[in-house]
Amino acid sequence: MKTPQHWYEKNKSQLKQYRGQWIAYDSDGIIAHHAKYEKNDSVFTPRSTDYLIGRIYETEFVEPVKFYPIRFKILKKHE
(Lines of atoms letter the chains of each structure in order from A; the text may use other names.)
(Lines give C-alpha, C1' and ligand atoms only; values in the text may rest on other atoms or scores of the structure.)
Protein backbone atom coordinates (compact mmCIF):
# COMPACT_ATOMS: atom_id res chain seq x y z
CA MET A 1 0.00 0.00 0.00
CA LYS A 2 1.27 3.42 -0.97
CA THR A 3 1.43 5.85 1.95
CA PRO A 4 2.36 9.54 2.26
CA GLN A 5 5.57 8.54 4.03
CA HIS A 6 6.60 6.33 1.09
CA TRP A 7 6.00 9.25 -1.28
CA TYR A 8 8.09 11.54 0.95
CA GLU A 9 11.06 9.15 1.05
CA LYS A 10 10.93 8.54 -2.70
CA ASN A 11 10.69 12.24 -3.64
CA LYS A 12 12.79 13.86 -0.92
CA SER A 13 15.23 15.37 -3.42
CA GLN A 14 12.39 17.29 -5.12
CA LEU A 15 11.41 18.97 -1.85
CA LYS A 16 14.45 21.27 -1.92
CA GLN A 17 12.36 24.00 -3.54
CA TYR A 18 10.05 24.07 -0.50
CA ARG A 19 12.77 24.85 2.08
CA GLY A 20 11.43 26.87 4.98
CA GLN A 21 7.81 26.04 4.17
CA TRP A 22 5.08 23.82 5.52
CA ILE A 23 3.84 21.23 3.04
CA ALA A 24 0.74 19.08 3.03
CA TYR A 25 1.15 15.89 1.03
CA ASP A 26 -0.47 12.55 0.45
CA SER A 27 0.56 9.39 -1.38
CA ASP A 28 0.15 11.14 -4.77
CA GLY A 29 2.18 14.28 -4.07
CA ILE A 30 2.06 17.76 -2.60
CA ILE A 31 -1.39 19.17 -1.92
CA ALA A 32 -0.38 22.63 -0.64
CA HIS A 33 2.63 24.57 0.63
CA HIS A 34 3.12 27.87 2.43
CA ALA A 35 5.62 29.49 4.77
CA LYS A 36 2.99 29.95 7.48
CA TYR A 37 1.32 26.89 8.95
CA GLU A 38 -2.06 28.56 9.43
CA LYS A 39 -2.30 29.65 5.80
CA ASN A 40 -1.17 26.27 4.52
CA ASP A 41 -3.82 24.51 6.57
CA SER A 42 -6.64 26.78 5.34
CA VAL A 43 -5.70 26.75 1.63
CA PHE A 44 -6.14 23.12 0.71
CA THR A 45 -8.88 20.55 0.65
CA PRO A 46 -7.37 17.10 1.05
CA ARG A 47 -7.83 14.61 -1.80
CA SER A 48 -7.99 11.82 0.74
CA THR A 49 -8.12 11.40 4.48
CA ASP A 50 -4.58 10.00 4.53
CA TYR A 51 -2.28 13.03 4.34
CA LEU A 52 0.56 14.52 6.37
CA ILE A 53 1.66 18.05 7.12
CA GLY A 54 5.34 18.67 7.70
CA ARG A 55 7.93 21.42 7.61
CA ILE A 56 10.85 21.33 5.22
CA TYR A 57 13.78 22.71 7.19
CA GLU A 58 16.56 24.66 5.52
CA THR A 59 19.19 22.43 7.11
CA GLU A 60 17.87 19.25 5.47
CA PHE A 61 19.65 20.10 2.22
CA VAL A 62 22.92 21.53 3.53
CA GLU A 63 26.09 19.61 2.86
CA PRO A 64 27.90 18.49 6.00
CA VAL A 65 30.99 20.39 7.07
CA LYS A 66 34.22 18.84 5.87
CA PHE A 67 37.34 19.06 7.97
CA TYR A 68 40.63 18.85 6.14
CA PRO A 69 43.83 17.79 7.87
CA ILE A 70 46.49 20.40 8.54
CA ARG A 71 50.04 19.29 7.94
CA PHE A 72 52.94 21.28 9.27
CA LYS A 73 56.35 21.23 7.65
CA ILE A 74 59.51 21.66 9.63
CA LEU A 75 61.50 24.51 8.17
CA LYS A 76 65.26 24.37 8.42
CA LYS A 77 67.05 27.56 9.14
CA HIS A 78 70.25 28.06 7.18
CA GLU A 79 73.02 30.23 8.52
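Its first residue numbered 1, the sequence shown is counted upward by one per residue in full-length UniProt numbering. For every residue, glycine included, the Cβ atom is placed at its ideal position computed from N, Cα and C.
Reference K10, options H33, S27 and E79, closest by Cα
Here residue 10 corresponds to residue number 10 of the sequence shown, with the count starting at 1. Of the candidates H33, S27 and E79, the one whose C-alpha sits nearest the C-alpha of K10 is S27.
For L75, does the three-state DSSP call read helix, strand or coil?
Taking the first residue of the sequence shown as 1, we reach residue 75 at position 75. L75 carries a coil assignment under DSSP once its states are collapsed to helix, strand and coil.
Please state whether DSSP places Y68 in a helix, a strand or coil.
Indexing the sequence shown from 1 puts residue 68 at position 68. Of the three classes helix, strand and coil, the one that applies to Y68 here is coil, per DSSP.
From K66 to Y57, what does the alpha carbon distance come to, in whole angstroms?
To locate residue 66, count along the sequence shown from 1; it is residue 66. To locate residue 57, count along the sequence shown from 1; it is residue 57. Taking the straight line from one Cα to the other gives about 21 Å.
Since A35 and G20 should fall inside the 8 Å C-beta cutoff, what is the C-beta to C-beta distance between them, to a whole number of angstroms?
Here residue 35 refers to the residue found at position 35 of the sequence shown. Here residue 20 refers to the residue found at position 20 of the sequence shown. Correct: roughly 6 Å between the Cβ atoms.
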